[in-house]
Structures are given as structure tokens and as C-alpha cells.
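Everything below concerns the one structure shown next.
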Amino acid sequence: MATARTDGSGRSVVLVDGVRTPFMRSGTEYLRTTSYDLARTVLKGIVERTGIKSSDVGYVVMGTVIQNIRTSNVARDAALAAGIPNSVPAHTVTMACISSNQAITSALETIRSGNADAAVAGGVEVMSDTPPQFDKKVRERLFEAQSFKSPLEFRKILQGMSPSDFLPKAPTISEYSTEELMGESADRLAAAFGISREEQDRYALRTHTLAAKATESGRLAEEILPTAVPPDFELLTEDNTIRRDTNIEKLSRLSPAFVRPFGTITAGNSSPLTDGASATLLMEEEAARAAGYRPRARLRDYLYVAQDPGEELLLGPAYATPRILDRNGLTLDDIDVVEIHEAFAGQVLAVLKALESDDFASEKLQRGKRVGDIGMDRVNAWGGSVSLGHPFGATGARLVTTAAHRLEEEDGHFALVTACAAGGLGHAMLIERTGEG
Amino acid sequence: MGYLDVYKEDKIAFVYLDQPGSRVNKLTTSAVRVFEEALDELEREDAVRAGVLISAKKDSFVVGADIEEFSRLETKEELKEIIRRGHRLLGRMESLKKPVVAAIHGPAVGGGLELALACRYRLATDHPATKFAFPEVLLGLLPALGGTQRATNLIGVQKALEIIMTGKNVYPAQAKKMGLIDATIHPEGLLDAAKRAAGGLAEGTLKPRHRKPSVRDRVLEDTPLDHLVYDRAQKNAYQRTRGNYPAIPKIIECIRTGQRKGIKAGLEAEMDAFAELLFTPESRAQRHLFFIKNAAEKNPYEGQEKEVGTVGILGAGLMGSGIAQVSAARAGRRVLLKDAELKLAARGRGEVWKDLSKRVGKGINAFERDRIVERIVPVDDYAPLSQTDLVIEAVPEEVGLKREMVRQVEAVGKEDLVIASNTSAIPIREVAAEAKRPERVVGMHYFSPVPRMPLLEVVRKEDTPEWVLATCIEEGLRQGKTVITVNDGPGFYSTRILSFYMNEALLLLEEGATVDGIDKAMMDFGFPVGPLKLLDEVGIDTGVKINEVMRPLFEKRSVQTSDRGEGVVAAGYKGRKSGRGFYLYEGKNKGEVNPEVYEFLGTERRPIPARTIRDRMAMMMVGEAVRCLEEGIISSPQDGDVGAVFGLGFAPFRGGPFWYLDQMGPERAVVKLNNLRAAHGERFAPAGLLEEYATSGRRFYP
């Protein structure tokens, strides 16, 4: 049995429960909200769902990627609005697509170090509310304009500029250091591992089918907080990202989205731009029991990895997985549930192929032989980011919550959560069922 | 293993180019034969419906024809036969029923690009190693395997003229935009995409792209108004090359013939033009330079160099920051950039940022620029130089300052620290005179602007150990320089021959020649700038300082010198940096000759024939180059030619001083020099070595 690193301090951290808003394609149901709106919704939701006295929450951490200047510490503003006492500190973290994983592990460390017995960790992203981008040159001008007094002075704004400079630039999901779009990098990754278009489309179909099934069976409903947001307060209970009507013919007809005309990544086999929020309640294990909770899972161990963003932008899970298994004395066979973030179908398949490759093991991992075969039945059985959507800041907490739910549902013992992120970052977390949930 | 490896999959023949025993693929006559057989097979086999041409080499498609091979040809007829055969091969591939896709990763240049152009579809990786170019013009030639024809048909007359006449690189995104290639893909997906493209073409589901020229381009290229385009190209090229490069008008002619009379006539014209150009002295000289430059990009002492991690640079002025730039950007070194005050060092680092910013979007991005600049650490103290493995000084040209610098650096430096002086003229033994370890003091002479001038002169003394030399050469090569090694002496090699040349220019001025008359004569000779304009750029004061260093040599040889430069400097005319020198750099007559300069000369202007100017100037420089060889300052004519062309801009189509002398014949050179000597003085006396060559009939390049 593994030596539990989490227990090294004598304090172990458990997941009491987790919730999320339904995930919605950007520009749809949450178009008129801000990240603060969804964050307070989900913070209030986790407090209500678990029944914890809000004054017992010792700390709040939320992950987010695209920040709103007015609520740049969105965790704090949302916590205050959600009725968490103003004496409870809150901070916001950002780590690209693993921001809420970072929120969870920050909360975990806060608890482990004894600074809190209970903490709420989650994340939020409203891609519908991305602030318009202007060139630095325009931003400088607008800053100078703050000191202008007479209308005549405002003419200076335009001096030496063309009107088109003032058009907001569409934000792109590109890597700062390499300027490569994430989709291009993923297309390259899929090609490097020989993942065909057809395999990717089949994977996409699988994830949509599984998500639809998990929705219909009510499994996802357990994690989803029925949500009604201003101004219409219409009740939303399901994700609108799942394509129930798709099939392999439809998927195969789509044009490549990033590398034209011979790329393999399409809108159909990628995660969509999504709005949503998620939150978890983490507690020190003894404290949780003393408060009468039956925690769903124990967060045994976690780690972060980083690679060259040019060469291996989205391959983090292939590095993080063997490391977390090895140091806990486990192999892939010991893992019952795998929740891996699906930025792109091709990226997930490339990671799985890397884990199955002896060459990758010897060249990149300095191991004698391959990490192993995960077996598709263990992977994302209730859908993933391609089908459920991917609000950057909120996906991590969804993965952890779903992993815990699946451990119970599938009667497993260990779950592995792993995700890639822009910047060549990666994360893995080992979750153990407490058997009481 | 043959040149081509063919394997078939899904009814597609993958033809791998893999020239045996070579890192890259070149087109050779034997390759043409193998290609012909491969085409026969492709045509014959019913089970194959399309072909893919792809390279088996790492990061390289086809780098062009084998220059050495065709340089050995002796007659036009032999050459034409080979070209004809190439034309037939490519024409056959182009019109083959079964489509052939070029799957390009790495450079596809010269003949390699022509090969790709004859394919039905061109697919290239979007990798930085992939580039397209017609570098033939740089060798005094033109693309003769259909390049002037097929490229023009794809990208239009104006673009084709531009890339074929300059030889410049075209990168995949631009190539796709201009229509040179059909599609791009990442290297990881090249093979699969090529397979899909070949299948699609065979089935008719994929069509090659066709450029849609703008109305303006159609008018300018497809109507009788096209003469505007050709005339402009001719005029611009003439201004640049002054008619010295016969390949240029030939390129225009071939393109025009093809456009007006069709591809068949165009190919004929191409073949005739190539056959003629190959045997011109200009092309011979340019190919000679190509070979000797390549040789100067290797370290003759390879393996003896010491590892260099951190480089110290003293002086953050124009030279210092330029050296810091190539050290950080090209060699990837951590650089300590020292100046007397931190703010000067910080400004020097800022200059690197500014220069690299101009290149953002052209090969590097803003992030890479920032990473490079972060490798440069400004300092104002000698103490941190204890971390360095090599120090290059670029402090002002005062021997006292330089000796003090050596003393300070040795006081803190490592035991095996190499100290290099970037002096342009002061003998290194003078700089090292008070050093504790003089054998580790050498010269690394850069040319301004450092990031753009290719030459580095490494200066050795009698006591320089080979590992020190190896270290400096290696560092220069890593900085992207073409390196020659020269022996110590006033002005080393390049500054020495330049100062004799400049002195002659000033003497001519004293005798009544005009500033622009001299400059024009030497530009017609083939220099990119005239001597007096160059002096303005370098700084007339700097020129005067160099002359002081050179004085003992001038005196020893009783060379008549001009002292007028000093007067000009004393009056505040230092060249571009002071706004005026021989030319005006400010005010309404900017760009014109500064008339006040003539006042200092005290003589009337009188007409001196351009031919006289040219002979005096050129013979002075090449004559001094021979003396440098005779005295052992340079160890070979090759170094002398590389140094003069890549450091001073000596006419490339003349191949450098020694190649030039060989073409003229040492006998004739001696006669010329003796005539000049009789008319203008002892300074033109031919070197003993040259006289010896003249009497024995020897050549510098046997």
C-alpha cells in the first residue's frame, strides 16, 4: 500500500463534496453574466449543498484565467456576496486550464498546514465576458487621455494612429512565448503520435455519447447545481455543450479548425469555449468526521509538471501520471477511475499513446518500459471537456468532483485526475475513496 | 543504397530523396538518371496512381544543383546537354498523368525549388528550417531548370523578378501567400498530408491552388504595359549593380521571353543564358567566393577550444553592444556588458533590444527577443568579470586605455581567461605589452555594424597558443561570423589595406579630384560605398586615429601620406555623427557633397579621369594585400579574398584582391604598378612576391 504523502503532516485532507453550475457554450445562457455572478452562485451552492455553517469555512480559493478588472480577486467579491463572513480570507489563482486544480491544492495546503480546518476551492470562467483587447500603443494613449481636460486635447488620442488601431482585437488562445495557437500545437501533437482524424472523431463521438448518457441517467445531476442567473432567472439544470445529434459522418465532414487544409483537429473534436463555475468543500479529515460529514474521498497526493511549451505544450499528463504513480508505489492497474482533461480529443489520445509507448518511456521519462495501458473504459466515463465544455478556471474542480463520484458509483479505490495547461504545464492528483460517501 | 528510395503504400509511390554519403540532397547528373528511372516506373505501374517526393535528410529537402560538379564542365555544349536532359525530366514529371506531390521540409533552394515547381502540388512544413530561394544569382548564374519560367507562371512577373534577382529567402507563410506553394502543414503531419494530397489529386477531389492576380497586376504583367515592369526592374538593378553582374539582365530577359513567347522559348533562353553565364569571369569569381567563404566557416583548430559560458564585453558603445548582441543572440552566451557607468551599459543593452525589435516578425518573435536581451547583464565594475571565460574589449582606440583594461581584467579574471581586443588597428603586442599573461591577449576585430557585417578577423601573436586561437575562432563562428586568422601588425590585414586605399583617396582629393568623383569611380569598380562616404560612416576622426597607428608603417615604406583629414576633423567635420563630413547629413542639401571640405584641401578641383582614380585606388589596395601575404600577415590568398570582400566590400564579382590579380595576371599587375609608381611615387612599388609571380608565371590560385 502506498505511503500517503498527504498524511505526512498528520493532517489528511478530504473532499466533502463538490458542485458546479451547468456548463454552457459561450455566448448562450450566461452571456449576460460575469464571472463574479457565476462564482457567487457556486459558492452559495456548495455551502447550501454541504450544509456547512458559512462561519466554519476558514478560507476560499477560486481559479480563473480571464479576469475582470473590477473583480480581479473574484474569490473575495463572490464570497462576500455569497454570505461567507467578511472575516474569511479569499484569494484567486490563475494557472491556465488547471487554475481550479491549483485552487484545490492551495486550499489543501492551507488545511494541511493547520491554517484552516475547512476551505472552499473552485473556479470560474465566463468566456462570454472576455474584456476587449487593445494594442499596448492604444492603451498608452487611452491612459494619457485620462489627464486630458479640454475637448481639443482629445484630438491627440488619434494623432499618429489609424482608426483601425482602436478596433478591439479578438482574443486568441495562443501561447505567449511561441505565438502558436493551442489548436495548432494540438494538431501537431496528434500528428506526432500518429493519431488519425478518424480516431479523434471517434473519441469525440464517444465523449458526447457518454456525457449524454450520464446526463440522462441523472449521474451528472448530482454534481450540477440547478442555477438561475440574472436577469431572467431561468432555471438551468443541464449542460448545453453536449451534441446529442452528432454522428461519425457529421464529425468527419467538418473542416480542420487550425491547420488548413490537412490538419486533423476540428471544432467537433475540440473542447468548446464555455462558461461555468465549480466549487468543492475540502476539510481536514478528523474535523470533517467530528462535524458529522461522511467525506466522499481523500486527496492523497498531487503534483505539477512543466515542459517546453513549444515542443510539448499539452503533454503534461504523460509526465505527471507516471511520477505520481511511482512515488505512491502504484501502477496504472491500481487506478480504477481516470479523469483526464480533454482540451482536444487528439491531445487525450496522444497522452494515452505516450503512456503506452516504450520509446516515450525511455526517451522522455528515463524509464525502462512503458507506463502502461489505461484502458478506455476507465477514462472519462461520464464525458469530458470536449462534450461537457471547458470553462478554463472551473474544469479542475469538475474533474475532482466527478472522479470522487465515479469512485463510489464504480466501486473503485483510486482515482487519477490529470490535466494539461497552456505554458506546457501539467497536473496530476491521486484520489482515494474513503468508503463512506 | 541509391539516391532514391521508393516504397509504395495505398497506391501511392513515396519517393525518398537520400543522396548517399551526404548530409543534404544535391541535384547531380547521376541523380537525374535515377529520377528518370523512377518516373518510368511511376508511369508504368498500374497499381500506382500518384507519387510523393520527400527528403530522407534531417531538416533539408534539396539544396540545389551540385556546384562543384557543374563547375568542372568545360564546354557550353556539355552543359547544355545536361540542362536539356533536366528540362526533359521535369517537363515529363509536370505533364505526367499521375500527379506528383512535393512534400517539402527544410530548404528547397535552387534546383531543389525547381524540382518542386515541376510537381503538381507543393506542400511544405511551416517549420523555420523550411525556406525557398533562387540563390543562383549570388553565384552569377540564374535558375536554369525551368525556375525562371515555372516560378513566374505561379507567382507573377513582379514577384518572380524580385526573388530570382535577389536570391532572397522566402519562408513558408509568404510562399503560400504568393502562390509558390499550395499548402502548409506542421512537420509532424507532412507525410500523412502528402499522402492525402496525392490521393486527392489522383481522385480529382483536390485541385492545386491558382493565384488570382489583382487587376493592377494583370494590367502590369499580361498586357503590353508589361514593359513598365521590365524597364523598372532593369533600371533598379542597374542602380544597384552598375552593370557589373551580367546575370541580372539575363534573368529579366528569360522571364520576358517566357511570358511573351511561351515556356518552350523561355526554357531555351534559360539554357542559353546559363551556358553563357557559367563561363563568365563574374560567375567564376562569385563561385570562388562561395567556396572559400564556406571554408572560412570551419574552425581549423577544432577540438582545442576552451568552453565558453559567460562573455565579458568592455565598452557598451556601438561596437560593444553589437558584439553583445551576436554573443547573446547567435552564440547564446550570458554576457556581462561593462561600461564606466551603469547607465551607459544599460543603454548599450537597450540598443540590442532596439535592433532586435526591428527583426521581430522576421525570424524571431518578441518573446525570443526578450530572452536574448535578458542574457545581457549591464555592469559598471570589473569584479563580476571574474565569472567570464572570454573578455572582448571595445573601449576607445587609445593604447593606454587598453593596457589599463588588460591590467584590471587580469586582476579579477580566471587563470585561463582569454582577453580579446576589438581594436581595428593597434598591434595586439602593444595592447598586451604590460599584461601578466600576454599570450592570452589576442585580437578579435569586428566590423560595424557587428550584427550585419559577416567578417571577424582573429589576430594572433607569435606567442598565442592554439587553444586560445581555437576558442576565439569558435566563438566567432558561433556568433555567425566568417572568420579569418591573421598575424599581428599595424592594422592587421583588412584595416591595413583599407588605410592604404583611403590614403590614396585623400591624396587624390589633394590633387584636385572631387569627393563624388572618387566615390562614384569606386562604386563602379564594385564597392557598395565609395571610400569617402565610408570614411564619413566610420567617422573621419576614427580614420585619423587609425592613420596615426599606421604612420610607422607608412614612414618605413616612405609612403606619401595625406594629412588633410586632421584639418577636416579639427574643423568639426567628423562624418555622419557630426552631421557633416565629406557629405552633408543635415539641412536642406542633405546627401550632397559638403563644399566646405574643398576649402581645407587648398587646391582647385580639376578633372581626373575615373579610370585613373580606379586604377590608383584599386591597385593600391590589392598591391598592399600582396605585401600582407608576403609578410605573413595573412597565410593564404583565400583569407585575403574573404577578408577584403566580407570585411571591406571589395567587389564580389572580382572575387577578392588575389582572384582579381590572377585574372589580370601578375605580369600585367606589375606593369600597371610600375607605371603608377613612375607617375605617382614609390608607394606603388610592387611587392617582391608579386614580381616573383610575374617572372615565374605563377598564380595565387594555381
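Protein sequences, first through last, are from chains Y and B. Letter by letter, the first sequence follows residues 129 to 565 of the working numbering. Letter by letter, the second sequence follows residues 2 to 703 of the working numbering. No residue lacks a Cβ here, since even glycine has one placed at the ideal position from N, Cα and C. Being a predicted model, the structure only gives us computed values, none of them experimental.
A626/B sits in a helix when the DSSP states are folded into three classes.
Judged by their CB atoms, G111/B and E69/B are not nearer to each other than the 8 Å cut-off. What F501/B touches in chain Y, judged by beta-carbon distance under 8 Å, is nothing: the nearest beta carbon there is about 49 Å away.
Contact between P687/B and V671/B is confirmed by a C-beta separation of about 5 Å, below the 8 Å threshold. One finds F368 in chain B with Cβ atoms closer than 7 Å to the Cβ of S305/Y, taken in chain order. D520/B and G527/B do not touch by the CB rule: their CB atoms are close to 13 Å apart, not below 8 Å.
Per DSSP, the continuous beta strand (DSSP E) segment holding L457/B begins and ends at 456-461. D223/B carries a helical assignment under DSSP once its states are collapsed to helix, strand and coil.
In this model, D429/Y and R479/B are separated by some 46 Å (Cα to Cα). Taking a Cβ-Cβ threshold of 7 Å, none of the residues of chain Y is close to R438/B; the smallest such distance is about 41 Å. Annotation note: the region 470-517 of chain B contains the following uninterrupted alpha helix (DSSP H) runs of length 4 or greater, listed N- to C-terminal: 495-511. Look at D193/B: its C-beta is under 8 Å from a C-beta on chain Y. For F390/Y, at least one C-beta of chain B is nearer than 8 Å to its own C-beta. Judged by their CB atoms, V16/B and A199/B are not nearer to each other than the 8 Å cut-off.
Residue pairing by DSSP places Y574/B opposite no residue, since no beta bridge is assigned to it. DSSP places F528/B outside both helix and strand once states are collapsed to three, so it counts as coil. Here the region 121-138 of chain B does not lie against the region 258-271 of chain B, with fewer than 3 beta-carbon pairs under 8 Å apart. Interface flag for R269/Y against chain B is unset, since no Cβ pair is found closer than 8 Å. T546/Y carries a strand assignment under DSSP once its states are collapsed to helix, strand and coil. By the Cβ-count criterion, M504/Y is exposed, with fewer than 16 other Cβ atoms from all chains shown falling within 10 Å of its own Cβ. For R285/B, the enclosing alpha helix (DSSP H) has its first and last residue at 282-296. In the displayed model, V16/B falls within a strand according to three-state DSSP.
Contacts between R316/Y and chain B, judged by CB atoms closer than 9 Å, involve H187, P188, E189, G190 in chain order. A residue is called buried once 16 or more other Cβ atoms fall within 10 Å of its Cβ, and I197/Y, having fewer, is exposed. One thing to note: T394/Y has its Cβ no nearer than 8 Å to the Cβ of A405/Y. Only residues of its own chain outside the window of five on either side were considered, and among them none has a CB closer than 7 Å to the CB of K378/Y. S227/Y sits close to T192/Y, with the two beta carbons spaced by under 8 Å.
Around the beta carbon of N300/B, 16 or more other beta carbons lie within 10 angstroms, which makes this residue buried. I301/Y places its beta carbon 8 Å or farther from that of G524/Y. Distance from the CA of E600/B to the CA of H681/B, rounded to the nearest whole angstrom, comes to 23 Å.
In terms of Cβ geometry, V248/Y and A407/Y form a close pair [threshold 8 Å]. For A478/Y, the nearest beta carbon of chain B is not closer than 8 Å to its own beta carbon.
For S292/Y, there is no enclosing beta strand (DSSP E), as DSSP marks it with neither H nor E.
Contact fails between the region 494-509 of chain Y and the region 426-441 of chain Y, because fewer than three Cβ pairs, one in each stretch, are under 8 Å apart. Comparing C-alpha distances from V387/Y to each of R325/Y, I376/Y, L443/Y, P400/Y shows the shortest one belongs to R325/Y. Following the DSSP letters along the chain, one finds R335/B inside the beta strand (DSSP E) bounded by residues 335-339.
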